[in-house]
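Have a look at the structure below, then the notes.
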Amino acid sequence: MPALGAHWSRSVLFAALLLLDAAPFVAAEDALAKFGDKIPILGRMQRTDQDFVDGLALDLFSPVNRTLIVTNNTSPLPGNFVTGSSGEGFVNLSKYSWIIKFNETADDLIAKIELPYDPDALKKQGVDISNTYVGKLAADGKSWVVSESQRNVHILMKNISSENKTRIIKMTSMDGEYMLLGRKSVDTTNIFVQYGQGATRTVNVTEGDKFQEAEFVDGLRFKIRSTKPLAMNVELVDGIDKASLPEYTVALNSFAWVVNSTNPAESSVDVSVRFPYNEKMLAAKAPGRSTGEIIVAKRGLNGETSEKFEEQKDQKLVRAEDRILVSDITQLDGQYVLLKAARRAQGKAPSDSL
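At position 55 of the sequence shown (counting the first as 1) the number is 74 in this note's numbering, and the numbers step up by one without a gap.
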């Protein structure tokens, strides 16, 4: 019996130690956290669900024990500089941003972040609840990145105890800076611009050392940074003179994209453009030829029909999107065409690296 009693005492002591070890995690999840608190993260893929006093909520599963700290930035990047989602009218809906920092690199999580919104405040700002987003500060610090595929908006239902939250889900890492964003528009999710002239077909770019994006109905997508405010329209002009094309090339389409902005002459922009191509049209026009032989060429906005198109320098094939990415454009205005290399004798085709 004494041996049994000693064994029982050791078992009780071991169980008590386990409870003591687990207590901080339970308390951390039950209590509302504040900025600067060290938050314990459970390991072994157990759920950590932590709410904060301002309404921020973190929900995650981690394979190992970790800790994180959340702080706030009261002078964040303005909310109108957004990439990842097309459309204008983005604004910040919170007075500060949230910065999440783990004690170590954590790229193996299953996680989501929830940011609170006030429906009455949204109404005053002219933002529909369905047009709220969680933006993550880009690595270069020049835009808030929005992911439509990771966005989820929860709307408070009557007689249901819940909260108004906008979420970013399907996350594998959480380190970074986050902002609650809204977009002033009737449409929800991605907004696509139509070709032509007029207020509803104009892309308006805010000045600053930050990026904004706009996408047209066929997938032509602009990423623009401008030192001055500008407005941009794009039209489709049918008919391409073969004499205007570089040697050993043929036009893939029958039209050119004609870009016209309010800042045509000055090199005050930094632009990258993704030009869509039709894979079936490519196969029909040039059987057996590879997509790696598509190139983007440009000439002046008001060029004569005989003015030569010139191949753009920095081009990459984005095969997964069926688009050609042209970077480092410093003068936006002009006519752009997609060309097919009839013979690999001139210039370099876009590298297939994306």
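Where a beta carbon is used, it is the ideal one built from N, C-alpha and C, also for glycine. From a predicted model like this one, the values you see are computed outputs, not experimental measurements.
- prompt: In the structure shown, what three-state DSSP assignment does L3 receive?
  reply: Because the chain spans 20 through 373 in this model, residue 3 falls outside it and cannot be assessed.
- prompt: Helix or strand or just coil, what does DSSP make of P295?
  reply: strand
task: To the nearest angstrom, report how far apart T208 and T90 are at their CA atoms.
output: Note that T208 scores a pLDDT of 49, beneath 50, so its modelled location is shaky; the value from the coordinates is reported in the next line. Their Cα atoms are separated by approximately 29 Å.
- prompt: Does the distance from the C-beta atom of E330 to that of I314 stay below 7 Å?
  reply: yes
- prompt: Just how far apart, CA to CA, sit R202 and N272?
  reply: Spanning the two alpha carbons is a distance of roughly 34 Å.
- request: Kindly indicate which residue of D347, T102, V253, Y152 has the alpha-carbon position closest to the one of Y355.
  value: Nearest C-alpha to Y355: V253.
- request: Decide if R63 is buried, meaning its Cβ has at least 16 other Cβ atoms within 10 Å, or exposed.
  value: exposed
field: Beta-carbon contacts of A34 that lie in its chain and below 8 Å, excluding the five residues immediately before and after
entry: Residue placement at A34 is poorly supported in this model, since its pLDDT is 42, which falls under 50; the coordinates are not used for a value here.
message: Would N171 and I188 be called neighbours here (beta carbons separated by less than 7 Å)?
response: Going by C-beta atoms, N171 is nearer than 7 Å to I188.
query: How about T185 and L134: are their beta carbons less than 7 Å apart?
result: yes
- prompt: What's the gap between the Cα of G215 and the Cα of V277?
  reply: 10 Å
- request: Excluding the 5 residues preceding and the 5 following V83 in the sequence, name in chain order all residues of the same chain whose CB lies nearer than 7 Å to its CB.
  value: Counting only Cβ-Cβ distances below 7 Å, and skipping sequence neighbours, we find G62.
task: Spatial neighbours of P295 within its chain, please: CB distance less than 7 Å, with the 5 preceding and 5 following residues excluded, ordered by chain position.
output: D237, G238, L239, D341, R342
query: Using a threshold of 6 Å, is the CB atom of A275 nearer than that to any non-hydrogen atom of the ligand SAH?
result: Absence of the ligand SAH from the depicted structure is noted, as is the absence of any ligand whatsoever, leaving it without description.
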